[in-house]
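For the record, the sequence lines run as chains A and B.
Under UniProt numbering, the first residue of the first sequence carries the number 1, and numbering increases by one thereafter.
Under UniProt numbering, the first residue of the second sequence carries the number 1, and numbering increases by one thereafter.
All remarks here apply to the structure that follows.
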Amino acid sequence: MRVLFRKSYKQDIRLFRDRTQAFWYLLFLCIALAAPLFLDGYFLDELSFVYIYAIAGLGLMILTGFSGQVSFGQAAFVAIGAYAHTILLSRYGVPWILSLPLAALITGLVGLAIGRICGRMHGLYLAIATLSIAIVTERLIGGGGDFTGGHRGLPVPGIDIFGIAIDQSWKTYLLNLALFVGAILMTRNLLRTRSGRALIAIRDSEVSARSLGTNVAFYKAYAFFLSAVFAGLAGGLLAHAFYYITPETFGMGESIRLLLMIVVGGIGTIHGAIFGAFFIVLLPTVLSWVKVLLPGAIATSGGFDSLAFGMILLGFILFEPDGLYGRWVKIHHYFNVFPMYKRRSFQRQKTFLKTERLK
Amino acid sequence: MSWLEVENVSLAFGGLKAVDNLSFSVEPGKVFTIIGPNGAGKSTVFNLICRIYDPLEGDIRFGGESLLGARPHEVINHGIARTFQNIELFEHASLLDNLLIGRFRHGRFSPLSELFFLPGQLRQELEHRRKAEEVIEFLDLEGYRHARVADLPYGVRKKTEMARALVASPEILLLDEPSSGLTTEETDDTAFVIEDIREDLGITVVMIEHDMKLVNKVSDKVLAINEGRFLATGSASEVQDDPDVQAAYLGGEAA
Ligand SMILES: Nc1ncnc2c1ncn2[C@@H]1O[C@H](COP(=O)(O)OP(=O)(O)OP(=O)(O)O)[C@@H](O)[C@H]1O
Ligand SMILES: [Mg+2]
């Protein structure tokens, strides 16, 4: 087994623990950068969707996975970002390079306002509140008349950065990849500094977070803000990927899908958001391959995709609550210590009595 | 150096008077112990000092300044850190991360600098880490740095909570039953730790404790309360010899 020796405090603070880890991540980055050389447009577009969903997922991970506030409303923020970006571009002629961050900021401020209101709620109440936000947002956009295009929707202008048109799959792919990597780095930075630790503190024990100086309401709202900024960014990118947006694109079902995504990926980890995005985006493609092998009656029946998705989700909740990333860590460990793997190495030891919590 | 003064403080939960016109003061550099039977209102006194509850009447001052204007998260900025009777750690984080959260008051909210990890951040993180290591060494927690708190044995978790309060560099430390649930050896160890906190770190300790051996060993002054009311105060032996205290422990109503 490989034991990690630390020689400097910086090892715990830096982005990468050691050279091996840095090597692997940089290798992945190189492969991702080189993908346009060996993948055709269809797969590049699929990967673009993965990156965009991962950005929204990272936002939701900050809110739900790290600050512990469950949200069924993430798609509403994605919608606000998509519409803000599209309206700024087409109606006000704002240059793309300004419009996208502006849309993310607008979404963030809406998130902040909602966070101030929802900051006192927990569990079921918070779930219902965020769910209503998803529904209300969809209605508001639908009833927005000419401003939002109503239920007819809005066409999305092309991307133009300083006169360079981003109009081919490989170009949008690289753009999405860049923002995706940026989002990962920001989340990572959040987690290795003071505010990120405050969020985790609030998730695990509000009383003691407070006793150590954390203004709980403030940091809960901050988590909503960051989460919405990420969602808004993803929304802007998603608008371009769809070419045409309608309120239904970002309905309640989409919010639930995003939440399931981080659960399947592995809640409370950055990897979880990314693994989950791959899962959500690529699953329909994989299912369409599987369908070819199935008898016609099953393959063509309408609910097949939802059923498969539901079954897989149920499987995760029952057998692998740590999600895809948790499974990956175990497989990784299995090969590291082969043939000495014991299932018990991941069983939590309980050598003490569970204490009652204050509250 | 500061004085903690609790003056004529009362608090009721519905009809129950949990704290009843209670006054006491803690001298700097001392170990001050609060004893009393179960439900006497000891933890409630801590929660009042930490502003979790608002007293119905009375005042709580630290260093001459009233704490009643502070919000719960501001109490630590007065130099008051605490532990909880039922351990309130950040279960899903590592021991080290728990301690780094303890450094929270020694930083400022600077979102851009954090999100982009600007150069100042690394310096700050190293500074926090050095302080955390000091406390890890002080409490012999070296072996557990990267372990998830939820996986640690009970005694270590208790110590971790104390460590988390210490990295905040408080002037006064409130310990709610530091020895409850510990083995005899661990309790003996706790006595040395408390003495070191007072002697080496110069931190005033206010402690709630049931284990009379530990109380006798480390306390400079003891306060006994029952049903939220003052019973006696003085040295450990004086308080234990007090007839009211003995009556309270023997059968409440008999007094
Ligand atoms: N939040 C609350 N709501 C209602 N009653 C409470 C609350 N907190 C404490 N009490 C009651 O106030 C009284 C004092 O409680 P407290 O926790 O301060 O006792 P204690 O002296 O710490 O006891 P122990 O030794 O068991 O820890 C008890 O009767 C308790 O039931
Ligand atoms: Mg108590």
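Heads up, the beta-carbon is just placed ideally off N, CA and C, and yes, glycines get one too.
Taking the Cα of A/His240 as reference, the smallest distance to any Cα among A/Ala34, A/Gly81 and A/Gly251 is reached at A/Gly81. Rounded to the nearest whole angstrom, the C-alpha separation of A/Tyr125 and A/Arg6 is 44 Å. Residue A/Val264 holds the alpha-carbon nearest to the alpha-carbon of A/Trp328 among A/Val264, A/Ile202 and A/Leu282. At the C-beta level, B/Val9 and B/Leu22 come within 9 Å of one another. The beta carbon of A/Tyr243 is closer than 8 Å to those of Pro155 and Val156 in its chain, skipping five residues each way along the sequence. The Cβ-Cβ distance between A/Ala76 and A/Tyr173 does not fall below 9 Å. Of all residues in the stretch 9–20 of chain A, those with a C-beta nearer than 9 Å to a C-beta of chain B are Tyr9, Lys10, Asp12, Ile13, Arg14 and Leu15, reading in chain order. Setting aside the 5 residues that flank it on each side, B/Ala93 is surrounded in the same chain by Ile101, Arg148 and Val149, each with a C-beta closer than 8 Å to its C-beta; the list follows chain order. Considering only beta carbons, no part of the stretch 301–313 of chain A lies closer than 9 Å to chain B. Near ligand 1, residues with a Cβ at less than 5 Å from any of the ligand's heavy atoms are B/Phe13, B/Ala18, B/Asn38, B/Gly39, B/Ala40, B/Gly41, B/Lys42, B/Ser43 and B/Thr44; the list follows chain order. Separation of the CB atoms of A/Thr187 and A/Ile270 is rounded to 6 Å, and the pair is thereby assigned contact status at 8 Å. When C-alpha distances from B/Pro178 are compared across B/Phe117, B/Ser169 and B/Thr83, the shortest belongs to B/Thr83. In this structure, B/Phe62 lies near B/His78, with their beta-carbon atoms less than 9 Å apart. A/Ser227 is a Cβ neighbour of A/Leu63, given a cutoff of 9 Å.
Neighbours of A/Asp204 in chain B, taken as residues whose beta carbon is under 7 Å from its own, are Phe90, Glu91, His92 and Ala93 in chain order. Not a single heavy atom of ligand 2 lies less than 8 Å from the C-beta of B/Ile197. Within chain A, Tyr9, Asp12 and Ile13 have C-beta atoms less than 8 Å from the C-beta of B/Arg129, given in sequence order.
Non-local C-beta neighbours of A/Ala32 in its own chain, meaning closer than 7 Å and more than five positions away in sequence, comprise Leu177, ordered along the chain. Looking at the DSSP output, B/Val9 shares a beta bridge with B/Leu22. Contacts with chain A at 9 Å (Cβ-Cβ) include B/Asn77.
Rounded to whole angstroms, the Cβ separation of A/Thr107 and A/Gly253 is 20 Å, and the two are not in contact under 8 Å.
The Cβ of B/Glu134 sits no closer than 9 Å to any Cβ of chain A. Residue pairing of B/Arg148 in beta bridges, as defined by DSSP: B/Ser94. Cβ proximity to chain A below 9 Å picks out Ser113, Glu114, Leu115, Phe116, Phe117, Gln121, Leu122, Gln124 and Glu125 from the stretch 113–125 of chain B. From the beta-carbon of A/Gly268, the residues of chain B found nearer than 9 Å are His92. In terms of side-chain proximity, the C-beta atom of B/Glu209 is found no nearer than 8 Å to any non-hydrogen atom of ligand 2.
Distance from the Cα of A/Val216 is smallest, within the candidate group A/Ser169, A/Leu294, A/Arg116 and A/Gly142, for A/Arg116. In this structure, B/Ile136 keeps its C-beta atom at 9 Å or more from the C-beta atom of B/Leu173. Any Cβ of chain B closer than 9 Å to the Cβ of A/Gly253 would place that residue at the interface, and such an atom is absent. Sixteen is the threshold: when 16 or more other Cβ atoms of the shown chains lie within 10 Å of the Cβ of A/Cys118, as they do, the residue is buried. Within the stretch 240–309 of chain A, not a single complete beta strand (DSSP E) segment reaches 3 residues in length. When distances are taken from the beta-carbon of B/Glu177 to the heavy atoms of ligand 2, the shortest one is below 8 Å. Per DSSP, the beta bridge partners of B/Asp59 are B/Glu7. Around the C-beta of A/Ile331, fewer than 16 other C-beta atoms lie within 10 Å, and the residue is accordingly described as exposed. Taking CB atoms only, A/Leu100 has no neighbour in chain B less than 9 Å away. Taken in chain order, the complete alpha helix (DSSP H) segments of 4 residues or longer contained in the stretch 22–65 of chain A are 41–60.
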